[in-house]
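Novice: Letter by letter, the sequence shown follows residues 1 to 98 of full-length UniProt numbering. C-beta atoms are modelled at their ideal positions from N, C-alpha and C, and glycine is treated no differently.
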Amino acid sequence: MENLKVKWHKHSQSQFDRIATWYSCNMGAKAAMNFSEDVRRTVMLLFHSLRIGIWEKRRSTVKTKYYSILVHPKYRIVYRFSKTTVYIVAIYATMMKY
């Protein structure tokens, strides 16, 4: 597990950048740093236990299993993994819309 790599899909990287920018502009630099640090810590946690997240039945197929984990009070990341790599597929908001 020490040799695992993390690869961000382009879409998930742009989502992360957009969310961090929103926090920076609307909540301040400290909030943006807290969000970024929460994401970093959660990704590092995946190295210790890849299946720690919730199985995303809706996204998964027979060959590819997707998992999600809460990274911040309002956001989850969706990921999948192979023997050598953790792929960050998406970041989505967990807030309900009224």
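Which class does V86 belong to by DSSP, given the choice of helix, strand or coil?
Specialist: DSSP places V86 in strand when its eight states are reduced to three.
Novice: From the DSSP output, in three-state form, read off L50 for me.
Specialist: Three-state result, L50: helix.
Novice: Look at the Cβ atom of I77, then the Cβ atom of I54, and state whether they are nearer than 7 Å.
Specialist: Taking 7 Å as the Cβ cut-off, I77 and I54 do not qualify as a contacting pair.
Novice: Do you know how far the Cα of K30 is from the Cα of K83?
Specialist: Looking at the two C-alpha atoms, the distance is approximately 35 Å.
Novice: Rounded to a whole number of angstroms, what is the C-alpha to C-alpha distance between I69 and I52?
Specialist: Roughly 8 Å between the two C-alpha positions.
Novice: Pull up the CB-CB distance for K7 and Y87, whole angstroms please, since I reckon it's below 8 Å.
Specialist: Yes, K7 and Y87 are in contact; Cβ-Cβ is about 5 Å, under 8 Å.
Novice: Counting along the chain, where does the alpha helix (DSSP H) carrying residue 102 start and finish?
Specialist: A question about residue 102 goes unanswered here, because the residues of the chain that appear run from 1 up to 98.
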